[in-house]
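Peer 1: In my numbering, the protein residues as written are 831 to 1256.
We put the beta carbon where it would ideally sit given N, CA and C, even for glycine.
See below:
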């Protein structure tokens, strides 16, 4: 059997969700697939579940290794992959019915290096499905066109604002091999560098207007618990600089790259990290920014390209100690929230004014309708009266017609009798 698609699933302690994930893959309409499961040193029953499924489906390949993280597991999966295309799936997520066939057919039809698709969110605690503008790729709405392929340049920098998670894309394996695409290992956010490397090198990107993967959000998942591991964001954002420099695109995208670094470090991690790690994270970040400030060209780039208040965060982190900066950061965030609330209130006011205006128009319209209804009722009564009169007149006319018809018949009979009588005696 020629393998059309390799499904790569890193597995780590997801015994409660793994069966749902595997069922969604083995029951796909496209059967010419291989399912590469990398057990990343799980300490629960995940490996046992994998072995049970393998005994029932020989398309499953299990690679058992010590715990070295998601990046290393995905790299191993790519090494073993033999399909024309690959898709990555987290072991607590699952595929929509028919997703792989749809992706495969679309990739073949458009000769795509990569397909970007939408995601559905599943809240584990609330047991609710949802979507949002971010995972619906709303910023790229104008690019959902049949038979149209794109490159990073067409997106005009908007690719910085779409999901970077590796499971939100479908790849041609030979394309990844040609650019030697690899995940950063022993770091979280490992799919950031992979995302940009692939995005900058893909010559044929297709956007599929379909939700192919359901992403589970749960309390204990990496994506929802901000702890010491998130210190890796500093290294990863610096590695993103390296990716753009390697591809000779730093100068073109430096505003986006620099703002991305500050957004990720401050707005995503610093503002949400567990309090007991906050001081240490700040010191590491300050050290990183001090190195940047010592490079005159880079420091100048930061000052010229950072949007406020990110520029203030950068400059003040160089001059303040942790307590001073944290107070400043919280105050700035309060200002931002306050401005956001003001805008929100203004929007609500506008909506209320519009609602009030529409209500007045509705009342006027309703009043006009009532008047029209009254007129129609009066007209209906008049019509009914007229109909009754016409009915009576019609009845009288019918009676008159009957009398006339009888008279005519009598006259007609009399004339015929006279003619016959005349002919008889002639």
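1) In or out: residue 992 buried (at least 16 other Cβ within 10 Å) or exposed?
2) Going by the CB atoms, is the gap between residue 1072 and residue 974 shorter than 8 angstroms?
3) Is the Cβ-Cβ distance between residue 901 and residue 998 less than 8 angstroms?
4) Is residue 1212 buried or exposed, if buried means 16 or more other CB atoms sit within 10 Å of its CB?
5) Tell me residue 960's beta-bridge partners as DSSP assigns them.
6) At the level of alpha carbons, what is the spacing between residue 1094 and residue 1045?
7) Could you tell me the distance, in whole angstroms, from the CA atom of residue 931 to the CA atom of residue 937?
8) Quick one: what's got a C-beta closer than 8 angstroms to residue 873's C-beta in the same chain, skipping five residues either side?
9) Leaving out five residues on either side along the sequence, give the residues of the same chain with a beta carbon under 8 angstroms from the beta carbon of residue 996.
10) Indicate, with yes or no, if the ligand GTP has a heavy atom lying under 7 angstroms from the CB of residue 1038.
11) Starting from the N-terminal side, write out each stretch of the alpha helix (DSSP H) that is 4 residues or longer and does not extend beyond the segment 976 to 1055.
12) For residue 1078 and residue 949, what's the separation of their Cα atoms in angstroms?
13) Taking buried to mean at least 16 other C-beta atoms within 10 Å of its own C-beta, is residue 1138 buried or exposed?
14) Touch check for the segment 1053 to 1067 and the segment 1080 to 1097: three-plus C-beta pairs under 8 angstroms?
15) Could you compute how far the alpha carbon of residue 1006 sits from the alpha carbon of residue 958?
16) Expressed to the nearest angstrom, what Euclidean distance is found between the alpha-carbon atoms of residue 1053 and residue 1104?
17) What are the boundary residues of the alpha helix (DSSP H) that includes residue 1099?
18) May I have the straight-line CA-CA distance separating residue 1227 from residue 1237, to the nearest angstrom?
19) Which residues mark the beginning and the end of the beta strand (DSSP E) in which residue 869 is found?
Peer 2: The structure says:
1) Here the question's residue 992 lines up with position 162 in the chain shown. Flag for residue 992 reads buried.
2) Taking the first residue of the chain shown as position 1, residue 974 is located at position 144. Taking the first residue of the chain shown as position 1, residue 1072 is located at position 242. No, the pair does not count as a contact, with Cβ atoms beyond the cut-off.
3) In the chain shown, counting from the first residue as 1, residue 901 sits at position 71. In the chain shown, counting from the first residue as 1, residue 998 sits at position 168. For residue 901 and residue 998, no; Cβs fall outside 8 angstroms.
4) Counted from its first residue, the chain shown places residue 1212 at position 382. Residue 1212 should be labelled exposed.
5) Here residue 960 corresponds to residue number 130 of the chain shown, with the count starting at 1. Residue 960 pairs with 951.
6) Within the chain shown, residue 1094 is the residue found at index 264, counting from 1. Within the chain shown, residue 1045 is the residue found at index 215, counting from 1. About 21 angstroms.
7) Reading the chain shown from its first residue, position 101 is the one you call residue 931. Reading the chain shown from its first residue, position 107 is the one you call residue 937. Cα-Cα distance, rounded: 10 angstroms.
8) On the chain shown, position 43 is the one that residue 873 refers to. Cβ neighbours of residue 873 beyond the five flanking positions: 843.
9) For the purposes of this step, residue 996 is taken as residue 166 along the chain shown, with counting starting at 1. Hits under 8 angstroms: 904, 918, 1013, 1021, 1024, 1025.
10) Summarising the ligand content, the structure contains no ligands, and the ligand GTP is consequently not present.
11) 1003 to 1008, 1020 to 1031
12) As a working mapping, residue 1078 is identified with position 248 in the chain shown. As a working mapping, residue 949 is identified with position 119 in the chain shown. C-alpha separation (whole angstroms): 31 angstroms.
13) For the purposes of this step, residue 1138 is identified with residue 308 of the chain shown, where counting begins at 1. Looking at its Cβ environment, which holds fewer than 16 other Cβ atoms inside 10 Å, residue 1138 is exposed.
14) yes
15) For the purposes of this step, residue 1006 is taken as the residue at position 176 of the chain shown. For the purposes of this step, residue 958 is taken as the residue at position 128 of the chain shown. Their backbone Cα atoms lie some 35 angstroms apart in a straight line.
16) Locating residue 1053 in the chain shown gives position 223, counting from the first residue. Locating residue 1104 in the chain shown gives position 274, counting from the first residue. Because the pLDDT of residue 1053 is 47, which lies under 50, any placement of that residue in the model is unreliable, and the number read from its coordinates should be weighed accordingly. Cα to Cα, the separation comes out at about 14 angstroms.
17) Residue mapping note: residue 1099 aligns to position 269 of the chain shown, counting from 1. Counting along the chain, residue 1099 falls outside any alpha helix (DSSP H), and DSSP gives it neither H nor E.
18) Residue 1227 sits at position 397 when you count from the first residue of the chain shown. Residue 1237 sits at position 407 when you count from the first residue of the chain shown. If I take the Cα positions, the gap works out to 15 angstroms.
19) Counted from its first residue, the chain shown places residue 869 at position 39. Start and end: 863 to 870.
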